[in-house]
Structure formats: structure tokens, C-alpha cells
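Residue numbers (my numbering): 5 to 160.
One structure below.
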Amino acid sequence: MADQTLSGDPDMDAEHRLREKLRKIEGLFAGAATPGEKAAAGAAAERIRRQFAETGEREKAEEFKFSIPDPWSRQLFTALCRRYGLRPFRYTRMHRQTVMVRAPASVVNRVLWPEFQELSNALSAHLLDIADRIIREEVYATTDEAEEIAEPALLR
Numbered sequence: 005m006a007d008q009t010l011s012g013d014p015d016m017d018a019e020h021r022l023r024e025k026l027r028k029i030e031g032l033f034a035g036a037a038t039p040g041e042k043a044a045a046g047a048a049a050e051r052i053r054r055q056f057a058e059t060g061e062r063e064k065a066e067e068f069k070f071s072i073p074d075p076w077s078r079q080l081f082t083a084l085c086r087r088y089g090l091r092p093f094r095y096t097r098m099h100r101q102t103v104m105v106r107a108p109a110s111v112v113n114r115v116l117w118p119e120f121q122e123l124s125n126a127l128s129a130h131l132l133d134i135a136d137r138i139i140r141e142e143v144y145a146t147t148d149e150a151e152e153i154a155e156p157a158l159l160r
């Protein structure tokens, strides 16, 4: 009971914690100086867009190719790119898991990719928790991996 918010709904509380965590991650990559800035996702996004624009004036944009097989992570990555004013794309006949972006290398290596990885890890952990709970409650109580056993001896 101590882990619930005023709503009393543990699922809403978990979602609220995830949203806060995502905002804090973005604040870290935006170089937020104060706790208030770290919590202000809109301000953090604007700071990062300004950083991208300023870097774009100093550095030539390069083309980057990302392979992101997981649809949730790919959706997150394309949304993050768009949030920061980048245009994710894919050339004709490229696999759906491929996402291309034109941006300065320093922006991709110092901000975009590391922030995506942090956000993706947080989101994946949250989704795994939800799936695990639903499987335990609705399918079977144990969600452990398959048992590992010794291989059978070869027949002679």
C-alpha cells in the first residue's frame, strides 16, 4: 500500500514513475542544471533542439544507419529523432528495422544514441514488468526461462 499514489492504482503509479524517469533522462542529456530544469521535459527538448541546431552550423551532417529490430524501440527512436527536429527515413527496399538519420556525428554520438539507449532500457524494463505480471496472473504463475538439461548421449 505504501507504493501507491493517491489514485490507489499501482499500474498508474508505475506509469507515472516511468514518465518521471524518462523526463529525468532527457534532462540529463539536455544539460539541465537544476532539479526543476531536469523535470521540465519541454524545456529539455528545446535545449537539445538548440544544441542540435548550433552543432549543425559548425559540423557537417552525416548519414547514420541504425538497425533496431524491436518495434517498440524503433518507434521510440523515430519519435526521439522527430522531437529534436531530425527526420528519420529509410531508403526504398531497406528492411523495416533500418532507420536512417542525417545529423552531425557529435550530436548522434553524444546525445541522440546514448539518450535513446537510456530511454529504451527504461521503457523495455517497464514493458517486461507488465508482460511478466500479466503472464503470471493469466497464464501460469512461473515465468522462468526453460530448464536447461544435459544433452542426451549419442546412440551407438
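All C-beta atoms, glycine included, are put in the ideal place defined by N, C-alpha and C.
Give a yes or no on whether the C-beta atoms belonging to residue i and residue j are separated by under 8 Å.
i: Leu-26; j: Ala-145; result: no
i: Thr-102; j: Ser-71; result: yes
i: Thr-59; j: Val-111; result: yes
i: Glu-61; j: Ala-109; result: no
i: Ala-107; j: Phe-81; result: no
Using the C-alpha atoms, what's the distance from residue j back to residue i?
i: Glu-66; j: Glu-50; result: 22 Å
i: Leu-116; j: Met-104; result: 13 Å
i: Arg-21; j: Gln-79; result: 21 Å
i: Met-98; j: Leu-132; result: 29 Å
i: Asp-136; j: Thr-96; result: 37 Å
i: Leu-84; j: Asp-17; result: 24 Å
i: Glu-152; j: Asn-113; result: 39 Å
i: Leu-158; j: Arg-91; result: 56 Å
i: Glu-155; j: Glu-19; result: 43 Å
For residue i, which residues does DSSP report across the bridge?
i: Phe-70; result: Val-103
i: Pro-108; result: Ala-65
i: Ser-93; result: It is Phe, not Ser, that sits at residue 93 in the sequence shown. According to DSSP, Phe-93 bridges with Met-104.
I'd like the list of long-range same chain contacts for residue i, defined as Cβ closer than 6 Å, with 5 residues on each side in sequence excluded.
i: Ile-29; result: Glu-122 and Leu-123
i: Ala-150; result: none
i: Phe-93; result: Met-104
i: Arg-77; result: According to the sequence displayed, residue 77 carries Ser and not Arg. Correct list, in chain order: Ser-124.
i: Glu-141; result: none
Cutting at 8 Å between CB atoms, please list the residues of its own chain near residue i, excluding the five before and the five after it.
i: Gly-89; result: Arg-53, Phe-56 and Ala-57
i: Ile-139; result: Thr-147
i: Val-143; result: none
i: Pro-73; result: Gln-101
Using only alpha-carbon positions, find the residue among the options that is nearest to residue i.
i: Arg-23; options: Glu-142, Ala-157, Ile-139 and His-130; result: His-130
i: Pro-75; options: Arg-114, Asn-113 and Ser-128; result: Ser-128
Going along the chain, which residues of its own chain have a beta-carbon closer than 7 Å to the beta-carbon of residue i, five neighbours each way excluded?
i: Ile-134; result: none
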